[in-house]
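Asks: If you scroll down you'll find the structure; I have some questions about it.
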Amino acid sequence: MQFDKNRVNKILIIKQGAIGDVLLSTPVIENMRHHFPEAEINYLTQSYCREVLMGNPYLNRVLTYDIGKGDSSYCLIRNIHDQKYELIIDLFGNPRTAIITFNSDAKYRVGFRFGWRALAYNIRVKPRGGEVHNVEFNLDAVRALGLEVISNTPKIYLNGVHTEFAEMFFNSAGLNGREVIGFNPSGTWPTKVWYPEKWIELGKMFPKDSRILLFWGYDKEKETAEKIRSAIGENAVLIPEVNLKYMAALIKKC
Numbered sequence: 020m021q022f023d024k025n026r027v028n029k030i031l032i033i034k035q036g037a038i039g040d041v042l043l044s045t046p047v048i049e050n051m052r053h054h055f056p057e058a059e060i061n062y063l064t065q066s067y068c069r070e071v072l073m074g075n076p077y078l079n080r081v082l083t084y085d086i087g088k089g090d091s092s093y094c095l096i097r098n099i100h101d102q103k104y105e106l107i108i109d110l111f112g113n114p115r116t117a118i119i120t121f122n123s124d125a126k127y128r129v130g131f132r133f134g135w136r137a138l139a140y141n142i143r144v145k146p147r148g149g150e151v152h153n154v155e156f157n158l159d160a161v162r163a164l165g166l167e168v169i170s171n172t173p174k175i176y177l178n179g180v181h182t183e184f185a186e187m188f189f190n191s192a193g194l195n196g197r198e199v200i201g202f203n204p205s206g207t208w209p210t211k212v213w214y215p216e217k218w219i220e221l222g223k224m225f226p227k228d229s230r231i232l233l234f235w236g237y238d239k240e241k242e243t244a245e246k247i248r249s250a251i252g253e254n255a256v257l258i259p260e261v262n263l264k265y266m267a268a269l270i271k272k273c
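This is the structure:
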């Protein structure tokens, strides 16, 4: 289908999850805002990913839903249909998001050629072969529209409260003025997680006057991080329990 950007005033970007994947899709938002400065640009994701997008200056609204928490797929599909989008970009491409996109009545429906789900789209993006960074994979949806990519940097937007918290924590933990190395031994899948013994071995390689800041998200991850901290010794520090953006502010200082 021939794409006419002059016929687009309302855009929806879809990425169901997870947190890191949503973050890696943020360059798509910035690029779409560059090419559609006056358009309404919204983003649909699961509720637990919402914080990644809050404060993003290139978005008008963040729409959320929850799988398995009383969410009605029919109501969600109807809601998106009734919002009358001219362009929907499905960056996730699972059965749910493909059906949402197909039933949206959007003139332009962009998605990747993943099996039968490709039938949901009228602008189909051929997935690259071989190794490709997820950011560039997402940006192929922008390129499929014939639009120039002007930014490929993922961004999360912090405010002064987040920055001040990170500064106060670094002061209280004696981290300011030192080399601080961030360790994240957590992961949603076992295949993403390195062995604790390897983290300990790596941590002991750094000079004693440096500091290792250990990140964690859930209680089970905290147990692992505490085990690593204890084995490394006094130059390892555990972050407190914080939400995503406070954690991002701490990461920024490493």
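Residue numbers for the sequence shown follow the working numbering, beginning at 20 and rising by one. Note that the Cβ used here is the ideal one computed from N, Cα and C, for glycine as well. Here the structure is a predicted model, which is why all the values come from computation and not from measurement.
Please name the residue or residues paired with residue 64 in a DSSP beta bridge.
Replies: 83
Asks: Along the chain, which unbroken stretches of the beta strand (DSSP E) at least 3 residues long are found entirely within the segment 181 to 256?
Replies: For the segment 181 to 256, the continuous beta strand (DSSP E) assignments of 3+ residues that do not extend past its boundaries occur at 199 to 202 and 230 to 233, in sequence order.
Asks: Buried or exposed for residue 146, please, with buried defined as at least 16 other CB atoms from any protein chain shown within 10 angstroms of its CB.
Replies: exposed
Asks: Count the CB pairs spanning the segment 114 to 126 and the segment 146 to 155 that are closer than 8 Å, and state whether there are at least three.
Replies: No, the segment 114 to 126 is not in contact with the segment 146 to 155.
Asks: Suppose you measure from the CA of residue 156 to the CA of residue 23; what does that come to, to the nearest Å?
Replies: 23 Å
Asks: Please determine if the segment 161 to 172 and the segment 192 to 199 are in contact, where contact requires at least 3 C-beta pairs separated by less than 8 Å.
Replies: The segment 161 to 172, when compared against the segment 192 to 199, does not touch it at the 8 Å Cβ threshold.
Asks: Apart from the five residues just before and just after residue 212, which ones in its own chain have a Cβ nearer than 8 Å to its Cβ?
Replies: Cβ within range, chain order: 204, 205 and 206.
Asks: If you check the beta carbons only, do residue 199 and residue 229 fall under 9 Å apart?
Replies: yes
Asks: Please give the ranges of any alpha helix (DSSP H) in the segment 125 to 185, keeping only runs that are unbroken, at least 4 residues long and fully inside the region.
Replies: Complete alpha helix (DSSP H) runs here, min 4: 153 to 162.
Asks: Of the choices 80, 35 and 57, whose alpha-carbon is the least far from that of residue 65?
Replies: 35
Asks: Just confirm the distance between the C-beta atoms of residue 11 and residue 201, as a whole number of angstroms; I'd bet it's less than 8 Å.
Replies: This structure leaves residue 11 out entirely; the chain is present only between 20 and 273.
Asks: Go ahead and label residue 151 buried or exposed: buried means 16 or more other beta carbons lie within 10 angstroms of its beta carbon, across all protein chains shown.
Replies: exposed
Asks: So for residue 34, helix, strand or coil by DSSP?
Replies: coil
Asks: When you compare only the Cα positions, how much space is there between residue 273 and residue 74?
Replies: 23 Å
Asks: Could you please give the first and the last residue of the uninterrupted beta strand (DSSP E) stretch that includes residue 72?
Replies: Segment 69 to 72 is the alpha helix (DSSP H) holding residue 72; no beta strand (DSSP E) there.
Asks: Do you know offhand how far residue 267's Cα is from residue 86's?
Replies: 26 Å
Asks: When the distance is taken between beta carbons, is residue 50 closer than 9 Å to residue 158?
Replies: Cβ atoms of residue 158 and residue 50: closer than 9 Å.
Asks: Please report how far the alpha carbon of residue 233 lies from the alpha carbon of residue 180, in whole angstroms.
Replies: 21 Å
Asks: So for residue 49, helix, strand or coil by DSSP?
Replies: Three-state result, residue 49: helix.
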